[in-house]
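Residue numbers (our numbering): 451 to 916. For glycine and all other residues, C-beta sits at the position ideal for the given N, C-alpha and C.
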Ligand SMILES: Cc1cc2nc3c(=O)[nH]c(=O)nc-3n(C[C@H](O)[C@H](O)[C@H](O)COP(=O)(O)OP(=O)(O)OC[C@H]3O[C@@H](n4cnc5c(N)ncnc54)[C@H](O)[C@@H]3O)c2cc1C
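#1: Checking the sheet assignment: what are the DSSP bridge partners for residue 870?
#2: Is it right to say residue 893 is buried, meaning 16 or more other beta carbons lie within 10 angstroms of its own, or is it exposed?
#3: Measure the alpha-carbon distance for residue 653 versus residue 819 and round it to whole angstroms.
#4: Taking 6 Å as the cut-off, is the beta-carbon of residue 874 closer than that to any non-hydrogen atom of ligand 1?
#5: Taking residue 721 as the reference, which of 674, 781, 805, 839 has the closest Cα?
#6: Assuming residue 613 and residue 630 are in contact, meaning their beta carbons sit under 8 Å apart, how far apart are those beta carbons, in whole angstroms?
#7: So is the beta-carbon of residue 528 under 6 Å away from any non-hydrogen atom of ligand 1?
#8: I need the straight-line Cα distance from residue 473 to residue 776, nearest angstrom please.
#9: Please identify the residue among 646, 495, 518 whose C-alpha is closest to the C-alpha of residue 874.
#10: Kindly list the residues whose CB is nearer than 6 Å to the CB of residue 905, restricted to its own chain and excluding five residues on each side of it in sequence; keep chain order.
#11: Using beta-carbon positions only, say whether residue 537 and residue 513 come within less than 7 Å of one another.
#12: Closer than 7 Å by C-beta to residue 713: which residues in its own chain qualify, once you throw out the five before and the five after it? Chain order, please.
#13: Cβ of residue 648 versus every heavy atom of ligand 1: is any distance shorter than 6 Å?
#14: What residues in its chain sit with their C-beta under 8 Å from that of residue 467, if we drop five residues either side in the sequence?
#15: Where in the segment 777-838 do unbroken runs of the alpha helix (DSSP H), each at least 4 residues long, occur, reported from the N-terminal end onward?
#16: Buried or exposed: which applies to residue 812, given that a residue is buried once 16 or more other Cβ atoms fall within 10 Å of its Cβ?
#17: Below 8 Å on the Cβ atoms is my contact criterion, and I expect residue 588 with residue 624 to pass it. Report the Cβ-Cβ distance as a whole number of Å.
#18: Below 6 Å CB to CB, which residues in the same chain sit around residue 604 once its five sequence neighbours on both sides are set aside?
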């Protein structure tokens, strides 16, 4: 890797297409939560051909490349390592195409388009891309991480809404599978190689997506539950009879809600005293209010549940949907301000979430009395963020504590509870060690085989799947 290579990138992409001054690189070198490294330079192509040229130049020079979308990923996979030798390939300028086919209800979109930009364009036609979260990622980043989010229960993750992709392989070859077909059983569904694999097999330059009609109405409630068992009872109650409408079932532990109230003055405190769990339940439908009244249905269902399961439910709050979503979407950010943290994004069969949570809590009480658990997540699909915090400066050996906590919690999740060590955030340096430990050798062998075709020199991505 030499300056000549940066010169080649400038020749291919133009002056605006390459950043190499230290001051310009900083924001591409720091991840949202984890990941801090040093980049040789940042390449910012604005076309698929530019991405291909970048990868060809880097491949010829034997230089490793980390693709970067909006850099909101939470496993340190979008930033370079400490070597100062990697090129960051930012897709931020590849953001021109949003080609909606209204009749087909599909859209072809550049990999660097932000989710919010796509949704603004779709809203004019009554559609949205319903993978919804508290960050604003790029579409290519969403494909590479198979984003889940708060409405997975109704709409599925990115994989469920992805029809086709255009990708560029490590040596600059462009592979286009940009069809908009909903049905296509013609052998290997090769686009799946690029879903959730953190850019290790190719750079997503375009995606064809199925889009959904925007709901005509939603009904939202925030329900206080006294413990995890009561949360599960509530989930059963709203699914029974209302499953067609249920679009979110988001759970926040008391400590997570308190963190939001401490750090976000603008977020209204809905409960006088935070219950053990606050559960955000949302129903959504494209049927107009004249046909079904979702508010009425939700109130009736919750009323019946309260009468049947009074002991478990402390409050039912209605009519403040924006406040409830503000509370939910500010949890991650607030925990970041609350102290130091090691984050866990895990999933188990949802019936086992209360037992897992209590198991982790008991372990922390016994072995690490200075830390506290801030759990929240998508209980409807078995996901929970079992984040562990401590006051800044309270722990001398932070790296040692993080390693101990990761070892203990991931082992409980995977070995005792048959769960996943990464429910939706994917794989990256933050959890690479556990990918290595928990992933079947045959799966790694398969990844090596795919890698030998897509990226024979192993130059792409900041994660090792094989
Ligand atoms: C506040 C907050 C809330 C969040 N909530 C959720 C949530 O509810 N559910 C959820 O699933 N995630 C959540 N996330 C995580 C994150 O937003 C998602 O993983 C998101 O999809 C990452 O997209 P990005 O564009 O930011 O990608 P980046 O962070 O830039 O990159 C993520 C990974 O994708 C690769 N990559 C990026 N772009 C491309 C491309 N075009 N081609 C190939 N590889 C690429 C990178 O190399 C890296 O491995 C949250 C994050 C934050 C900060």
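Checking against the coordinates, here is how it stands:
#1: 797
#2: exposed
#3: 44 Å
#4: yes
#5: 674
#6: 5 Å
#7: yes
#8: 34 Å
#9: 646
#10: 620
#11: yes
#12: 784, 787, 788
#13: yes
#14: 459, 460, 493, 494, 495, 496, 500, 543
#15: 781-788, 803-817
#16: exposed
#17: Not really, about 19 Å apart at Cβ, beyond 8 Å.
#18: 697
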